[in-house]
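Q: Residue numbers (the working numbering): 1 to 494. Glycine included, each C-beta is placed from N, C-alpha and C at the ideal position. Dropping a structure here in C-alpha cells format, bear with me for questions.
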Amino acid sequence: MRTYDNPVIPGFHPDPSVCRVGDDYYLVCSSFEYVPGLPLFHSRDLVHWRQLGNVLDRPGQLPLPLPGSTASRGLYAPTIRYHDGRFRVICTNVTAGGNFLVTAERPEGPWSDPVWIDLPGIDPDLAWEEDGTCWAASTSPGIHLTRIDPDRGEVLEGPFPTWSGTGLKWPEAPHLYRIGDWWYLMIAEGGTERAHSVSIARSRRPDGPFEACPDNPLLTHAGSHSPIQNTGHADLVQGPDGSWWALLLGVRPRGGTPGWHPLGRETYLTPVSWVDDWPVIAEVPVELPDLPWELHPWPAEPTREDFDGPLPPQWLSVRDRPAARVSTDRRPGWLTLRARDDHFDDTFTGLRQQHHAVRARTRLDTTDGTGGLAVRLDDEHAYTVEADGRHVRVRSHLGGQHTVVAEHELPHHDVVLRIETAPAADRGPRTGPDALALGHERPDGTFAALATLDGRYLTTEVAGGFTGRVIGLYAADGTAHFDWFELRPTGQDD
Ligand code: 6LW
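The following block contains the structure:
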C-alpha cells in the first residue's frame with residue numbers, strides 16, 4: 001500500500017482554507033508580515049499541492065508595504081470560496097484596514113483590488129444560501145454572523161453573536177456550510193497552542209439558533225502521544241469520490257520538555273466520516289492511507305534558485321519588496337540586495353524552512369557591500385552568517401540583543417556561506433529541537449562551521465507569534481550580490 005506524508009504542505013503554512021471546483025482544489029494560508037501575501041495552492045488529489053502564486057502580489061492591492069506591520073501582524077486567516085463563477089478570498093489585515101474581499105475569475109489571477117468590508121474581528125468566512133444571500137461569520141471575540149453584499153462590501157444585517165463553542169478560550173476560525181438539510185458552523189477553540197481543537201454546531205437555518213454537537217470537541221490532539229500537536233483551524237472538503245476530508249493546521253514539536261516547533265504551523269489532511277448527520281474528524285495521521293482516486297503528483301520543486309528571472313512565488317520578503325532594494329534585474333543572473341540600515345529585515349528575502357534537517361548555501365559577492373544568510377523566526381529571533389570581504393561573522397539576534405558569536409578572517413570577495421540544521425546531539429529533557437551550524441565553505445567545498453547554536457530560540461514557543469522559520473538572504477551594508485541559493489533537506493530528520 002502506498003502512503004502519503006502529513007503534513008501535505010510542510011513549513012509555515014497556517015490557517016488553511018480550501019475550495020473545490022470540479023476536479024480541482026485550491027487552498028490559501030495566512031502570511032502575516034510577509035509579502036507577497038496569501039500563498040495559493042492547487043491540487044487534484046488533496047495530497048499533492050503546488051503553489052500557483054499569491055493572492056496579494058501587487059503593491060496596489062493591500063496597499064503594500066503592509067503598513068507598519070510588526071511580526072505576526074498583517075494578514076490573518078483567509079477563507080477561499082468559489083461562487084457564481086468567481087473565486088473569492090476574504091481576509092483580515094490586522095495592521096491596517098481590517099476585513100477585505102478580493103475576487104478572480106481564475107485562481108492564477110489576476111486577483112482584484114480589495115473591497116473593504118466592516119466586519120467585526122478576524123477570521124472572516126463566506127457562505128451563500130441558494131437564493132444568493134451571503135453570510136460572513138467572523139471572530140470578534142466570540143463568533144458573529146453578518147449578512148453582507150460581497151460585491152459591494154456592504155453590511156446588510158448584523159453583526160450578531162452566534163454559537164461560540166463549548167466554553168474553551170478563543171473561539172475562532174468559523175466556517176459555515178450547507179450540507180444536506182443542515183447548516184453547520186465549525187470553529188476552532190482552545191487557542192492555537194497545545195489545547196487547539198475543532199468543534200461544531202448545526203441548525204436548519206444559516207443564522208441559527210445552533211445546537212452543539214454532543215461529541216465536541218470533534219478533534220483535539222491535546223495530551224495525546226501524537227507527534228502532530230496544536231491541531232485545529234479546519235476547513236471541510238469532499239474528495240474526488242465524494243468522501244469527506246478536513247484540511248487543518250498542526251505543528252511538530254521536537255526536543256525535550258515542553259517541546260518546540262521550528263517550522264511553524266503546517267497544513268495537514270485528515271479523513272472525516274458522518275454519524276447521525278454529525279461529522280467525525282479522525283485523529284490526524286502521520287501517514288495518510290492509499291487513496292481510492294487517481295493521484296496527481298507535481299514535479300518536485302527545485303532546491304536551487306539561480307536568479308535568472310523574477311523571484312518565484314514561494315519567495316518571501318518582510319513587509320515590503322521595493323525594486324530599489326531587492327532586484328534580479330540589476331545584475332542579470334544575480335539577486336542584488338541594497339541595505340537601508342544594518343537590520344537583516346530590510347532586505348531579507350527567502351524561503352520557508354519545510355524540513356527539520358536542511359542545508360542552506362549561497363554564493364555571495366561582497367565587492368560592493370556586506371551580505372549574509374539568515375534563519376529568521378521574526379525580527380528579534382534570527383541567526384545570521386555574513387561576510388564583508390575581510391571577515392565572516394556569525395550573529396545572533398535574540399530578544400533585542402544583537403551579538404557577534406564568532407568571527408573569522410576571510411579576505412575574499414567571493415564566498416560561499418552555509419547553514420545546516422540537524423537534530424540536537426543529546427536527547428535530554430532540556431534539549432532543544434535542533435542545532436544550527438553557521439559558517440562558510442573552504443575552497444575544497446568542505447564546511448567550516450564557525451558556531452553551532454541552539455534552535456529553540458528560533459521557535460514559536462520562545463519567540464511567540466504565529467509564523468515559522470524562513471531561510472534567506474540579506475544585505476547589511478551597501479549592496480550584496482548573490483549568484484545562487486540552495487535549500488535542501490539533508491534527510492537526517494524530516
Ligand atoms: C488565526 C486564528 C488562529 O486568526 O490563529 O489557529 C490566528 N488559529 O484563527 C492566526 O493564525
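Where does the unbroken beta strand (DSSP E) through GLU420 begin, and where does it stop?
A: Note, GLU420: beta strand (DSSP E), 414 to 422.
Q: So is the beta-carbon of ILE122 under 7 Å away from any non-hydrogen atom of the ligand 6LW?
A: Flag set: Cβ of ILE122 near the ligand 6LW.
Q: Which class does GLN354 belong to by DSSP, given the choice of helix, strand or coil?
A: The answer is coil: DSSP assigns GLN354 none of H, G, I, E or B.
Q: Relative to the C-alpha of THR384, which candidate in ASP235, ARG352, GLY439 and THR366 has its C-alpha closest?
A: Looking at the Cα atoms, GLY439 is the closest of the given residues.
Q: How many Å lie between ALA234 and ALA173 at the Cα?
A: The straight-line gap from Cα to Cα measures roughly 8 Å.
Q: Taking the C-alpha atoms as reference points, what is the distance between LEU436 and VAL358?
A: Whole-angstrom Cα-Cα distance: 10 Å.
Q: Within the same chain, show all residues whose beta-carbon is closer than 6 Å to that of GLY121, passing over the 5 residues directly before and after it, in chain order.
A: For GLY121, where only same-chain residues beyond five positions count, the Cβ hits under 6 Å are SER138, THR139 and SER140.
Q: According to DSSP, which residues form a beta bridge with TRP245?
A: For TRP245, which the question treats as bridged, DSSP gives the partners VAL237 and PRO271.
Q: CA-CA distance, VAL326 and ALA475?
A: One C-alpha to the other measures close to 10 Å.
Q: Pull up the DSSP beta-bridge partners for GLN496, would you.
A: There is no way to answer for residue 496, as the model of the chain reaches only from 1 to 494.
Q: Express the C-alpha separation of ASP414 and VAL89 in angstroms, rounding to a whole number.
A: Taking the straight line joining both Cα atoms gives about 45 Å.
Q: Could you check if PHE482 belongs to the surroundings of the ligand 6LW, using beta carbon to heavy atom distance under 7 Å?
A: Checking the Cβ of PHE482 against the ligand 6LW gives no.
Q: If you draw a straight line from the alpha carbon of TYR125 to that of ARG363, how long is it in whole angstroms?
A: The amino acid at residue 125 is misidentified as Tyr; the sequence shows Asp. Near 44 Å, if we compare the C-alpha coordinates of ARG363 and ASP125.
Q: Kindly examine the ligand 6LW and report whether one of its heavy atoms sits closer than 7 Å to the Cβ of ALA188.
A: Yes, Cβ of ALA188 sits closer than 7 Å to a heavy atom of the ligand 6LW.
Q: Would you kindly report the start and end of the unbroken beta strand (DSSP E) that includes VAL286?
A: Run containing VAL286: none; DSSP gives neither H nor E here.
Q: Touch check for the stretch 24 to 42 and the stretch 315 to 334: three-plus C-beta pairs under 8 Å?
A: With a cut-off of 8 Å, the stretch 315 to 334 and the stretch 24 to 42 count as touching, because enough Cβ pairs lie within range.
Q: Please name the residue, chosen from ASP434, GLU420 and THR103, that lies closest to THR446 on a Cα-to-Cα basis.
A: That would be GLU420, whose Cα lies nearest to the Cα of THR446.
Q: Tell me which same chain residues have a C-beta within less than 6 Å of the C-beta of HIS355, skipping the five on either side of it?
A: Same-chain partners within the cutoff: PRO489 and ASP494.
Q: Pull the bridge partners of TRP260 from the DSSP assignment, please.
A: Per DSSP, ARG254.
Q: Fully enclosed by the stretch 434 to 490, which alpha helix (DSSP H) runs are 4 residues long or longer?
A: Whole alpha helix (DSSP H) segments, 4+ residues: 460 to 463.
Q: Please report the straight-line C-alpha distance between VAL155 and ASP290, rounded to a whole angstrom.
A: Rounded to whole angstroms, VAL155 to ASP290 spans 45 Å at the Cα level.
Q: Using 8 Å for Cβ pairs, my map puts PRO433 next to PRO262. What's the rounded Cβ distance?
A: Indeed, because the Cβ distance is near 5 Å, the residues count as touching under 8 Å.
Q: Quick one: what does DSSP say ASP24 is sitting in, helix, strand or coil?
A: If DSSP states are grouped into helix, strand and coil, ASP24 belongs with the strands.
Q: Which term fits TRP116, buried or exposed, when burial requires 16 or more other beta carbons within 10 angstroms of its beta carbon?
A: The residue in question, TRP116, is exposed, as its Cβ has fewer than 16 Cβ neighbours within 10 Å.
Q: Tell me, please, which residues DSSP counts as bridged to ARG304.
A: According to DSSP, ARG304 bridges with GLU486.
Q: Quick check on the burial criterion: 16 or more other C-beta atoms within 10 angstroms. Buried or exposed for LEU295?
A: Result: exposed.
Q: Return the bridge partner residues of ALA360 from the DSSP annotation.
A: In the DSSP output, where bridge partners are listed per residue, ALA360 has ILE419 and LEU487.
Q: Measure the alpha-carbon distance for GLU409 versus GLY389 and round it to whole angstroms.
A: For GLU409 and GLY389, the distance between alpha carbons rounds to 9 Å.
Q: Express the C-alpha separation of PHE348 and GLY464 in angstroms, rounding to a whole number.
A: In a straight line, the C-alpha of GLY464 is about 20 Å away from that of PHE348.
Q: With respect to 7 Å, is the separation between the Cβ of LEU316 and the closest non-hydrogen atom of the ligand 6LW below this value?
A: Incorrect: LEU316 has no Cβ contact closer than 7 Å to the ligand 6LW.
Q: Assign ARG106 to one of two classes, buried (16 or more other C-beta atoms within 10 Å of its C-beta) or exposed (fewer than that).
A: Classification of ARG106: exposed, given that the 10 Å Cβ count is below 16.
Q: Apart from the five residues just before and just after PRO227, which ones in its own chain have a Cβ nearer than 7 Å to its Cβ?
A: ARG252 and VAL286, listed in sequence order.
Q: How long is the line joining the alpha carbons of GLN61 and PRO114, rounded to whole angstroms?
A: Their Cα atoms are separated by approximately 6 Å.
Q: Compare the Cα-Cα distances from PRO7 to each of GLY369, TRP334, ARG330 and LEU46 and report the closest residue.
A: When only C-alpha atoms are compared, the closest one is LEU46.
Q: Helix, strand or coil for ASP5 per DSSP?
A: Correct three-state label for ASP5: strand.
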